[in-house]
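A short write-up of the structure that comes next.
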Amino acid sequence: MKRLMRARANAHIRELLASDGLSTAKLIQPLFVQEGLEKSQQLPGLDGNFRMGLEAALKQVESDLEQSVRNFMLFPIPAGKGIDAEPGANMVAGIKDRFGSDIQLWVDTCLCSSSPLGHCCLFHADGPGDGSPTLIDLEATLKALSSYALAYARAGADGIAPSDMMDARVGAIRSILDGNGHELVPIMSYSTKFASQFYGPFRDAASSAPSFGDRRQYQIDVRNRTDAINASIRCAGEGADLLMLKPGMTSIDLLAPIRRKTSLAVGVYQVSGEYASLGLLARNGFADFDAALLETWHVYRRAGAQFIITYGARRALSLGVGPS
Ligand code: PBG
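Each residue of the sequence shown is one higher than the one before, counting from 21 in our numbering.
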């Protein structure tokens with residue numbers, strides 16, 4: 021009889037044989053910061069996560085540091101709508117002035133929180149309704165995204181993370197960064213990003229729901245494996261330093277092939293709907309939230325994820341996941 025159960029017999033041997041380590045060094049905590057917000061708001065579905073003003077965000081980062089969180093993904097939410105990188109740049113400067121190299125601050129770079137239409141791009145003709153614009157103005161979009169990236173880099177961002185899915189944006193961002201002395205600022209591309217139901221809680225959190233239509237013109241169709249792989253290869257070719265697949269759960273089969281084809285570090289984003297679904301299971305008594313969260317992180321590591329963006333990073337230490 022082949023006895024595989026020998027490898028599962030006690031905690032020591034299970035620990036010994038665990039394939040992939042997990043540490044807080046591998047986790048990235050999202051931060052939602054809204055310009056001028058006075059009172060923090062708990063984000064529905066995202067336990068332990070808040071929409072905060074800058075002052076509250078500084079306190080949050082301070083407490084996260086005590087929990088060994090070192091990596092953050094900032095989502096800047098402007099007070100009003102309009103294509104303007106300044107509110108985000110001020111947040112970056114505020115956070116980096118305070119914490120310096122104690123943290124690694126990535127900035128989600130997209131237009132959906134500031135565009136009046138709630139899309140990740142600009143269109144040739146504005147105004148929703150009957151004559152809803154459908155033709156993406158790629159040139160204007162790339163110009164706006166690059167100016168955001170440059171403003172964030174100038175403000176001290178440690179890395180730029182474009183999440184818009186426009187063709188050529190990684191190349192455009194790399195070029196403006198390099199042209200302005202920011203050659204060492206890395207780009208983490210949301211390189212394979214599917215159109216998904218699992219972004220629901222986020223769109224409330226970041227005030228980024230589209231005012232018309234959906235994002236299927238620019239986010240990938242889950243049925244299209246070729247496109248999903250090519251999108252990451254394309255970003256690698258344009259100069260991305262890190263690739264990221266999203267939602268993590270619906271991309272798990274793509275981690276290994278994308279890593280193989282690009283030789284780049286590939287991570288996942290455990291998106292808002294994934295995290296929220298664990299909370300819903302737990303609240304119904306169907307799972308233990310922390311144990312379920314830990315289980316999903318281990319699966320991402322086993323599948324080859326170099327890093328995990330997760331709303332639960334700040335819980336990691338309390339789950340027994342320490343600094344490496
Ligand atoms: C927007 C953006 C989204 C997420 C990250 N950046 C939402 C979207 O594309 O609609 C999703 C994150 C999450 O659901 O946790 N550019």
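We put the beta carbon where it would ideally sit given N, CA and C, even for glycine. Bear in mind that the values here come from a model prediction, so they are computed numbers and not experimental data.
Could you tell me the distance, in whole angstroms, from the CA atom of Pro107 to the CA atom of Leu74? Distance between the alpha carbons of Pro107 and Leu74 is about 11 angstroms.
Are there 16 or more other CB atoms within 10 angstroms of the CB of Gly179, so buried, or fewer, so exposed? Sixteen is the threshold: when 16 or more other Cβ atoms of the shown chains lie within 10 Å of the Cβ of Gly179, as they do, the residue is buried.
Just checking Arg280 against the ligand PBG - is the residue's beta carbon closer than 7 angstroms to any of the ligand's heavy atoms? Checking the Cβ of Arg280 against the ligand PBG gives no.
Regarding Phe222 and the ligand PBG, is the C-beta to nearest heavy atom distance less than 7 angstroms? True, at least one ligand heavy atom lies under 7 angstroms from that Cβ.
Alpha carbon to alpha carbon, what distance is there between Leu42 and Trp317? Rounded to whole angstroms, Trp317 to Leu42 spans 8 angstroms at the Cα level.
Please return the same chain residues whose Cβ sits closer than 7 angstroms to the Cβ of Ile33, not counting the five positions on each side in sequence. Only Ala27 meet the Cβ criterion.
So the candidates are Glu58, Leu63, Thr44, Ala45; which of them puts its Cα closest to the Cα of Phe52? Closest by alpha carbon: Leu63.
Taking 8 angstroms as the threshold, find out whether the stretch 156-169 comes into contact with the stretch 215-228 through three or more Cβ pairs. In short, these stretches do not touch, since the Cβ pair count stays below three.
Is it the case that the CB of Ser183 approaches a heavy atom of the ligand PBG more closely than 7 angstroms? Yes - the ligand PBG has a heavy atom lying nearer than 7 angstroms to the Cβ of Ser183.
Rounded to whole angstroms, what is the Cα-Cα separation between Ser338 and Thr154? Here the C-alpha atom of Ser338 lies approximately 47 angstroms from the C-alpha atom of Thr154.
Less than 8 angstroms between the CB atoms is what I'm expecting for Leu85 and Asp122, so what's the real figure, rounded? Indeed they touch by this definition, with Cβ atoms about 6 angstroms apart.
Out of Asn110, Phe119, Glu82, Ala177, which one is the CA nearest neighbour of Trp126? Considering only alpha carbons, the answer is Ala177.
Looking at the structure shown, is Asn244 part of a helix, part of a strand, or coil, going by DSSP? Residue state, collapsed to three classes: coil.
Confirm the yes/no value for this check: CB of Asp157, any heavy atom of the ligand PBG, distance under 7 angstroms. Result no, Cβ not under 7 angstroms from the ligand PBG.
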